[in-house]
Every structure is written in structure tokens, then in C-alpha cells.
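To keep things clear, I will list the structure first and then write my remarks on it.
Here you go:
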């Protein structure tokens with residue numbers, strides 16, 4: 178399953194969320210988007226990062242990301 182992770186630099190929760198997502202989905206299936214590089218994304222996600230979405234736009238997790246939540250979601254798909 179391919180996912181997009183909305184993140185920002187210097188965000189410890191983002192680092193943890195990315196690590197959990199890599200463990201579940203694999204590095205090749207993850208696209209990272211730095212919300213600070215786009216004003217619209219910054220406005221939409223700035224208080225929610227990290228946000229992990231499917232390529233279809235379904236939010237899997239945001240904020241404190243738990244690997245178990247990601248695994249459960251990927252299993253149900």
C-alpha cells in the first residue's frame with residue numbers, strides 16, 4: 178500500500194510517524210511531503226502533522242502515530 182506522509186522538519190512526532198510507517202509499509206511505498214514548503218498545505222496540516230494518508234486521500238493517522246494502528250489499517254485493506 179502506498180501512503181503519503183505530511184510532515185515538517187524538526188518535528189519529533191513526524192520522525193516517529195515516519196519510522197512507524199516505514200516499518201509497516203516499507204520505504205519504497207512512502208512519499209514525504211514537507212508542509213512548510215507550500216502555503217496551502219501549511220494551512221491545512223500545520224497543527225496536525227504528521228498526517229498519513231492513502232494515495233486515495235483516506236487519513237490513516239495523524240499526530241501521535243501508532244504502528245499498531247497502521248498495521249490494522251493495512252490488514253483491513
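In the numbering used here, the protein residues as written are 178 to 254.
Don't be surprised by glycine CBs; every beta carbon is placed ideally from N, CA and C.
In the DSSP annotation of this structure, the continuous segment of the beta strand (DSSP E) that includes residue 209 starts and ends at 207-211.
Per the coordinates, the alpha-carbon of residue 216 lies some 10 Å from the alpha-carbon of residue 222.
Collapsing the DSSP output to three states places residue 228 in a strand. Counting of Cβ neighbours within 10 angstroms places residue 236 among the exposed residues, the total staying below 16. Going by DSSP, residue 223 is part of no beta strand (DSSP E) at all; its letter is neither H nor E.
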